[in-house]
Structures are given as C-alpha cells and as structure tokens.
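Engineer: Those protein sequence lines, which keep their order, are chains X and A. Here UniProt numbering is used: the first residue of the first sequence is 1, the next is one more, and so on. Here UniProt numbering is used: the first residue of the second sequence is 1, the next is one more, and so on.
2 protein chains.
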Amino acid sequence: MARPREFDEQQALAAAMQVFWEKGYEASSISDLTSRMGIQRPSLYAAFGGKKELFEAVLGSYAGMSLAFIERRIRSAASVREAMRVYFQGIIEGAGGSNPDLGCLCVNTMVELAPHDVIFAQFTRDYQLKLTELLQGTIEDGIRTGELSSALNPAAVARALIISAIGLSVTMKARPDRSLVENAVTEILTLLE
Amino acid sequence: MARPREFDEQQALAAAMQVFWEKGYEASSISDLTSRMGIQRPSLYAAFGGKKELFEAVLGSYAGMSLAFIERRIRSAASVREAMRVYFQGIIEGAGGSNPDLGCLCVNTMVELAPHDVIFAQFTRDYQLKLTELLQGTIEDGIRTGELSSALNPAAVARALIISAIGLSVTMKARPDRSLVENAVTEILTLLE
DNA sequence: CTCTTTCTGTACCAATCGGTATGTAATGAT
DNA sequence: ATCATTACATACCGATTGGTACAGAAAGAG
Numbered sequence: 001m002a003r004p005r006e007f008d009e010q011q012a013l014a015a016a017m018q019v020f021w022e023k024g025y026e027a028s029s030i031s032d033l034t035s036r037m038g039i040q041r042p043s044l045y046a047a048f049g050g051k052k053e054l055f056e057a058v059l060g061s062y063a064g065m066s067l068a069f070i071e072r073r074i075r076s077a078a079s080v081r082e083a084m085r086v087y088f089q090g091i092i093e094g095a096g097g098s099n100p101d102l103g104c105l106c107v108n109t110m111v112e113l114a115p116h117d118v119i120f121a122q123f124t125r126d127y128q129l130k131l132t133e134l135l136q137g138t139i140e141d142g143i144r145t146g147e148l149s150s151a152l153n154p155a156a157v158a159r160a161l162i163i164s165a166i167g168l169s170v171t172m173k174a175r176p177d178r179s180l181v182e183n184a185v186t187e188i189l190t191l192l193e
Numbered sequence: 001m002a003r004p005r006e007f008d009e010q011q012a013l014a015a016a017m018q019v020f021w022e023k024g025y026e027a028s029s030i031s032d033l034t035s036r037m038g039i040q041r042p043s044l045y046a047a048f049g050g051k052k053e054l055f056e057a058v059l060g061s062y063a064g065m066s067l068a069f070i071e072r073r074i075r076s077a078a079s080v081r082e083a084m085r086v087y088f089q090g091i092i093e094g095a096g097g098s099n100p101d102l103g104c105l106c107v108n109t110m111v112e113l114a115p116h117d118v119i120f121a122q123f124t125r126d127y128q129l130k131l132t133e134l135l136q137g138t139i140e141d142g143i144r145t146g147e148l149s150s151a152l153n154p155a156a157v158a159r160a161l162i163i164s165a166i167g168l169s170v171t172m173k174a175r176p177d178r179s180l181v182e183n184a185v186t187e188i189l190t191l192l193e
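Structure representation (structure tokens):
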C-alpha cells in the first residue's frame, strides 16, 4: 500500500525487552529504547503507541516466551522431581542464558508497576497463575505415575513452589552466596514429599 | 552554634520513607520528597546529601525498624509454629498496618536497585541474612524445647522460609486471591515438619 | 549589640523527560 | 509516470528532572 517498515518489529521488541529488563520501566528512557532498538523516536510511537504500550507489548511477548521456555524444560525432564529441580536451577543460573541478576521481567513488574496500575497487577497475577497451573499439572502427573505421594495437595504445593520461585528470583538479584541458595532450594523441594 | 534546624530529621526521614515505599526510588522526585517531608529543597540536600544518600538513610532506618518489629512479633508468639504463622500472616496483611501491596521496602530495593548498585546489593543481602538468622534461632529454640523435630536443618529451613516470605511479599503486590495465598502459606509452613 | 554561622525560601541552572510537528524519501496502486 | 500513503529523520515542544546560587532571617557566642 505504501512505504514498508525498514525495521523488524519483533527484533525491535526484543531489543526493547532487553532495555526494560535491565533497567526497569521508569529508568528506561525513550532515548535508551530507540538507540537499542535501532529506530528513530517517531517510529517507536508509530509502531507501538508510546512507552507504556511498548512495555505492555514487551511484557506480553516475554510472558509467552518465558512460559513456553519453562514448559519445555519441565516436560523434557526425566521425572517430576528432576523437573522441579531443573526449574529452580534455571532461576539460580539465569534462565535463557541471560545475566542471572536481571531476574524475571514479570516479577520485576509485579514489584515496580503492579501496585500502581491494575493492568499490570492483572497481567502479572495471570502469569503467576499460569505458572502455578503448569506446576500443578506436573505434580498431578507425578502422583498418577506413583512418583509422588497421593497425599499431596497439588494445587497448594504448586502455589507454594511458585511463591518460593519468585522469592528466589528476587534473592538472586542481590548476588547471594551460591551454596546458601542451593541448600534452600533443596529444602523447598522437600514440599514434594 | 548557629541557627538550629526547624524540622525534625527523624520525622522527615519517616516521610521520605513513605514516598520511596509507595513509588520506588526512580519514580520518587525531589519535589515529591520535599513536599511530603514538609521541607525546602536545599534543606534536603543540606541535611541528607542528595537523593541517593537520603534513600540510603531511609533504607537503613527501615531495615532497623522492620527487623525490630518482626523480632518482637516472633518472640511474643506462644510457639515456634505460631510465630512463623504470624510472620507470614503479617506479610499477607501488610506489616506495620500499612497498605499491603507496598510490600517490603528492602525487597523492593532488591528488585529495583540491587542489580545496578553494589551498595544496595550488599545492604539487602545483609538484611535477608539477618532475617534468616532470626528465623534460624527461633527454629533452634523449637528443636531445643521439643516442639520441632531434631531432624530439621535449621539453617536450610530458615533460608527456605525467608525466600518464600520474599516471594509472598512480591506476590501480594499483584493483589492475589486471599484464599490462594493462605493455602500456600500453610503448605510452606510444612517445612517445619 | 554585633558578628558569625547556619538555616530557610526563592529563583534558577543545564539536562533530560515523554511526546510531536514537519518536511522529505520511499513505496505500491493506478 | 503520477499520486496517495506511509515511514524516516531532524528538530522541536513544554514540563520536569536532580541539583545550586544567593539573599534574607534566625539564633548562639562574644
């Protein structure tokens, strides 16, 4: 119809994600974003609407990728126990191969934006809910196959594990001693017994 | 020696704490701070040095108050199990009677500032360590009195509980369904068994 | 009372903030 | 080839950012 975009929106979104992930929402300026996205300022507004809308797009993209990534890792584990171990270990080492102390973008958003904006409260709550359901399903599988005790309450355990995982993600941002968190994770995983 | 301060530094610090607690560090402007502190801009710089130094003072004050508050609550409980229950319940309801979704200022700082500033990484790590030691001592008491099993690893359990408490504090900021977190806390507290 | 010291309040600083108006270049449709 | 449409790039907008210079006011020291 007319002149086409010279940049790839997905690629620009990925670059914006890095900026927001590293600096948080407030500390990321439009100039930070455009320079890392490799686009001009008006292009950002034309393609995404504004800073907040861009962040919403980034967060949606992140949540989708993150959930898919975690689900893949969990499903490829040999047992439920190992799946959970792998999940927590991923948090310690920085899932996605990125810098560990960036944490999870959704967790960061819960802290920075959820209290001030119902949109982000709803979104991050939903993300946490989906993660919980993923773990709950995995636990139920474990009970079905006999790996886990049928006395477990899959929903409650899953919720407890996700809350712990969020706490671990936050804890990692302060660069704690590695052995301390490893021991703590081992302890947390006894919830499966 | 000369003209004395017309405002109370402790009171001004408490007001600044409210601002940082509600809005986070980056989103708090000097104007936000001075208006809530009831002082003029140059007075802030004269008394505290600058925004970052003011925040450091606020954080130190908060950590001291928070640790004392938590220790008091835990020590006044009738049993170790109830002490832990009270501790987690305080996170759910918003310790100190404040708005629950403000969370813990130290946790918020871990997320917002620890990755970018070693000062805050060190400070929040130390805060978490002190909390852990407090819980560890309480657990050891419980083992000594026979309330808790001597098979427990007090240090590991304490670390696991604090990580979960941090996760709970973050979770509350997204205003989750109350019953969900209550069940999760009950599950988390089974780490004491 | 005078002097020195330190506080308060106004007014200001350059820099940056998020967001846009505008002119030009590039494209597809006709 | 022309034209309508859209993207790009520069340059700009008022508002706000963290931080200060400076003048006047208040208080203790002598």
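Glycine included, C-beta positions come from ideal geometry on N, C-alpha and C.
Taking only three categories from DSSP, how would you classify P4 (chain X)?
Structural biologist: By one-based count along the first sequence, residue 4 (chain X) stands at place 4. Coil.
Engineer: For A63 (chain X), is the classification buried or exposed, using 16 other Cβ atoms within 10 angstroms of its Cβ as the cut-off for buried?
Structural biologist: Your numbering for residue 63 (chain X) matches position 63 in the first sequence. Buried is the call here.
Engineer: So, helix, strand or coil for D32 (chain X), using DSSP?
Structural biologist: Along the first sequence, one-based indexing puts residue 32 (chain X) at 32. Here D32 (chain X) sits in helix by DSSP.
Engineer: Output, in chain order, the set of chain A residues within a Cβ distance shorter than 8 Å of Q128 (chain X).
Structural biologist: For the purposes of this step, residue 128 (chain X) is taken as the residue at position 128 of the first sequence. In chain order: T171, A174 and P176.
Engineer: To the nearest angstrom, how far is the alpha carbon of P154 (chain X) from that of Q128 (chain A)?
Structural biologist: Translated into the one-based positions of the first sequence, residue 154 (chain X) becomes position 154. Translated into the one-based positions of the second sequence, residue 128 (chain A) becomes position 128. So the two alpha carbons sit approximately 29 Å from each other.
Engineer: Return no unless some Cβ of chain A is closer than 8 Å to the Cβ of D141 (chain X).
Structural biologist: Indexing the first sequence from 1 puts residue 141 (chain X) at position 141. No, no contact with chain A.
Engineer: What are the boundary residues of the alpha helix (DSSP H) that includes I70 (chain A)?
Structural biologist: By one-based count along the second sequence, residue 70 (chain A) stands at place 70. From DSSP, the alpha helix (DSSP H) with I70 (chain A) extends over K51 to R75.
Engineer: At a Cβ threshold of 8 Å, is G86 (chain X) touching chain A?
Structural biologist: For the purposes of this step, residue 86 (chain X) is taken as residue 86 along the first sequence, with counting starting at 1. Here the sequence assigns Val to residue 86 (chain X), which means Gly is not the residue at that position. Chain A, which has no Cβ nearer than 8 Å to the Cβ of V86 (chain X), makes this no.
Engineer: Starting from the beta carbon of T190 (chain X), find every residue of chain A whose beta carbon is closer than 8 Å, and list them in chain order.
Structural biologist: The residue given as residue 190 (chain X) occupies position 190 in the first sequence. Residues of chain A passing the Cβ test: L191.
Engineer: Around the C-beta of F69 (chain X), are 16 or more other C-beta atoms found within 10 angstroms, so that it is buried, or is it exposed?
Structural biologist: The residue given as residue 69 (chain X) occupies position 69 in the first sequence. By the neighbour-count rule (16 or more Cβ atoms within 10 Å), F69 (chain X) is not buried but exposed.
Engineer: What residues in the region 29-45 of chain X bring their beta carbon closer than 7 Å to a beta carbon of chain A?
Structural biologist: Result list empty, no residue passes.
Engineer: Along the chain, which unbroken stretches of the beta strand (DSSP E) at least 3 residues long are found entirely within the region 119-187 of chain X?
Structural biologist: Those beta strand (DSSP E) runs which fall completely within the region 119-187 of chain X and span 3+ residues do not exist here.
Engineer: Which residues in chain X have a C-beta closer than 7 Å to the C-beta of P115 (chain A)? List them in chain order.
Structural biologist: Translated into positions along the second sequence, residue 115 (chain A) becomes position 115. Per Cβ cutoff of 7 Å: D101, L102 and K173.
Engineer: Do you know whose CA, among A:Y87, A:S150 and A:I163, lies nearest T124 (chain A)'s CA?
Structural biologist: Mapped onto the second sequence, residue 124 (chain A) falls at position 124. Among A:Y87, A:S150 and A:I163, the Cα nearest to that of T124 (chain A) belongs to A:I163.
Engineer: Could you spell out where the alpha helix (DSSP H) holding I92 (chain X) opens and where it closes?
Structural biologist: Locating residue 92 (chain X) in the first sequence gives position 92, where the first residue counts as 1. Residues V80 to E93.
Engineer: Return the chain-ordered list of same chain residues with a C-beta closer than 6 Å to the C-beta of A114 (chain A), the five sequence neighbours on each side being excluded.
Structural biologist: For the purposes of this step, residue 114 (chain A) is taken as residue 114 along the second sequence, with counting starting at 1. Excluding residues within five positions, the ones whose Cβ falls inside 6 Å are F120, A121 and T124.
Engineer: Roughly how many angstroms separate the alpha carbons of I92 (chain X) and S169 (chain X), rounded to a whole number?
Structural biologist: Residue numbering aside, residue 92 (chain X) sits at position 92 when the first sequence is read from its first letter. Residue numbering aside, residue 169 (chain X) sits at position 169 when the first sequence is read from its first letter. Rounded to whole angstroms, I92 (chain X) to S169 (chain X) spans 7 Å at the Cα level.
Engineer: If you follow the alpha helix (DSSP H) that Y45 (chain A) is part of, which residue opens it and which one closes it?
Structural biologist: Your numbering for residue 45 (chain A) matches position 45 in the second sequence. It spans R41 to F48 - the alpha helix (DSSP H) in which Y45 (chain A) sits, taken as one unbroken run.
Engineer: Just to make sure I have the definition right: I need the residues of chain X whose C-beta is within less than 7 Å of the C-beta of I166 (chain A). Which are they?
Structural biologist: Here residue 166 (chain A) refers to the residue found at position 166 of the second sequence. Ordered by position in chain X, the residues that pass the 7 Å Cβ test against I166 (chain A) are G167, V170 and T171.
Engineer: Ordered along the chain, which non-local residues of its own chain (more than five positions away) have a Cβ less than 6 Å from that of G142 (chain X)?
Structural biologist: On the first sequence, residue 142 (chain X) is found 142 positions in, with the first residue counted as 1. These residues qualify, in order along the chain: V80 and L148.
Engineer: What did DSSP end up calling L113 (chain A) once you bin it into helix, strand or coil?
Structural biologist: Position 113 of the second sequence, counted from the start, is the residue given in the question as residue 113 (chain A). Looking at L113 (chain A) - three-state DSSP - the assignment turns out to be coil, as it is neither helix nor strand.
Engineer: Assign G103 (chain A) to one of two classes, buried (16 or more other C-beta atoms within 10 Å of its C-beta) or exposed (fewer than that).
Structural biologist: Here residue 103 (chain A) refers to the residue found at position 103 when the second sequence is read from its first residue. The residue is buried, with at least 16 neighbouring Cβ atoms inside 10 Å.
Engineer: Does any C-beta atom of chain X lie closer than 8 Å to the C-beta of T138 (chain A)?
Structural biologist: In the second sequence, the residue the question calls residue 138 (chain A) occupies position 138. Judged by the 8 Å Cβ criterion, T138 (chain A) is not in contact with chain X.
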